[in-house]
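*Asks:*
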Amino acid sequence: MAQSFFLADDDDDDRLLFEDALRELSADTNLIMATDGVDLMEKLEETVPLPCVIFLDINMPRKNGFECLAEMRQIEKFRAIPVVIFSTSNEESTIERTYRQGASFYIHKPRTFDKLKSAIRQIMAIDWSLHTVQPSKEKYVLQF
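First residue of the sequence shown: 1, per my numbering; consecutive thereafter.
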């Protein structure tokens, strides 16, 4: 069965690059994209089965990534879905806040296509059924 991923990002170019990178890595994946936090939460409610992982941008209109993450962690059926923050922000306060909110990992958006593929590849390689505990703060931010 194909792995299913969500990407919530308001930037058209970032969504297109992510989709291209994912396709180059694996044809056996399903990507559902949301253009903002409201769109993400609506699509999550409608999607069965739930995604393996959600890649979540922070700075989005209507409902930002912080608000989405908080909402997902309060709703029982979404609580266990791994959420990887995927943001241009590299501010310590943003990283700390998302860590406290229960995100699984934090990726500062890579500047090259190859690094983007490397980041996605690393997330795809995780056996999420065994990864039930948030990593230590030192391992939370993935570097590429």
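Every residue gets a Cβ at the ideal spot worked out from N, C-alpha and C, and that includes glycine.
Between the alpha carbons of F144 and E19, how many angstroms are there, rounded?
*Replies:* On the sequence shown, residue 144 is found 144 positions in, with the first residue counted as 1. On the sequence shown, residue 19 is found 19 positions in, with the first residue counted as 1. If you take the alpha carbons of F144 and E19, they lie about 18 Å apart.
*Asks:* Which one or two residues does DSSP pair with H108 in a beta bridge?
*Replies:* Looking up residue 108 in the sequence shown gives position 108. Beta-bridge pairing links H108 to S87.
*Asks:* Could you check whether Q134 and G102 sit closer than 8 Å to each other, using their CB atoms as the reference points?
*Replies:* Start at 1 with the first residue of the sequence shown, and residue 102 comes out as number 102. Start at 1 with the first residue of the sequence shown, and residue 134 comes out as number 134. Yes.
*Asks:* Under DSSP, the beta strand (DSSP E) around V53 begins and ends at which residues?
*Replies:* Walking along the sequence shown from the start, residue 53 turns up at place 53. V53 to L56 is the extent of the beta strand (DSSP E) around V53.
*Asks:* Within its chain, find whatever has a CB closer than 7 Å to the CB of R121; leave out the 5 residues flanking it on each side and keep chain order.
*Replies:* In the sequence shown, residue 121 corresponds to position 121, counting from 1. Within the same chain, R121 has close Cβ partners L25.
*Asks:* Are the C-beta of T88 and some C-beta of chain D separated by less than 8 Å?
*Replies:* This model lacks chain D altogether; it includes just one protein chain.
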